[in-house]
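Residues are numbered in the numbering used here as their position in the sequence shown, beginning at 1, plus a constant of 15.
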Amino acid sequence: MPMYQKDYYRILQVHPDAEPDVVQAAYRRLARKHHPDSGGEPARMQELNEAYAVLADAAQRHAYDRWYRLRRPGPAPAASSPAYTLLRNLMPTILTLIVLALLVLDLLRLGLRGAPEITLLLVTVGWLIYHFSGLKRLGK
Numbered sequence: 016m017p018m019y020q021k022d023y024y025r026i027l028q029v030h031p032d033a034e035p036d037v038v039q040a041a042y043r044r045l046a047r048k049h050h051p052d053s054g055g056e057p058a059r060m061q062e063l064n065e066a067y068a069v070l071a072d073a074a075q076r077h078a079y080d081r082w083y084r085l086r087r088p089g090p091a092p093a094a095s096s097p098a099y100t101l102l103r104n105l106m107p108t109i110l111t112l113i114v115l116a117l118l119v120l121d122l123l124r125l126g127l128r129g130a131p132e133i134t135l136l137l138v139t140v141g142w143l144i145y146h147f148s149g150l151k152r153l154g155k
């Protein structure tokens, strides 16, 4: 994919979703205004020609649009950050370990006859986390 250096949509003053006829009309309007025969600068006209050559050709515009969307500044989606992915993958394990630790502490502190309801609740929550978090698939 070619590397573009300029924002051709800004140069032609059109929206990235503009139809080809809108791009052509914008080019013609700006070409009349900036043509060297009309007192415009040759460098500006060359820039307009370059932008129009890319945006008028469907294949070149498609390639340019892919580059344009990738290079535009903006916050990266949270789902793609390594920290989010790591946290998402480790969270079920962390929750399971917390529940198991609470279960062990409960057994050590109260014994089986001290609070069977809490023990049963902790075991059930631990099993649900294990079952629905995908940890079951990791062992296979």
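Every residue, glycine too, gets a C-beta built ideally from N, C-alpha and C.
Would Leu70 and Val114 be called neighbours here (beta carbons separated by less than 8 Å)? no
Whether Trp82 touches Tyr19 by CB criterion (8 Å): yes
Quick check: the Cα distance between Leu112 and Leu135, rounded to an integer number of angstroms? Rounded to whole angstroms, Leu112 to Leu135 spans 16 Å at the Cα level.
Under 8 Å, with one C-beta from each stretch per pair, do the segment 60–78 and the segment 19–31 reach the 3-pair mark? With contact defined as three or more Cβ pairs closer than 8 Å, the segment 60–78 and the segment 19–31 are in contact.
Chain-order list of residues whose beta-carbon lies under 7 Å from that of Ser53 (same chain, five-residue window excluded): Arg47
Could you tell me whether the Cβ atoms of Met60 and His77 are closer together than 8 Å? no
Report back the beta-carbon spacing between Leu6 and Leu118 to the nearest angstrom; my notes put them in contact at under 8 Å. With the chain represented from 16 up to 155, any question about residue 6 goes unanswered, as that position is not in the structure.
Cut-off 6 Å between Cβ atoms - residues of its own chain near Ala66, not counting five sequence neighbours on either side: Tyr23, Ile26, Leu27
Residue span of the alpha helix (DSSP H) that contains Ala33, given as start and end: Unbroken run through Ala33: none, as it is neither H nor E.
Helix, strand or coil for Ile144? Go by DSSP, reduced to three states. helix
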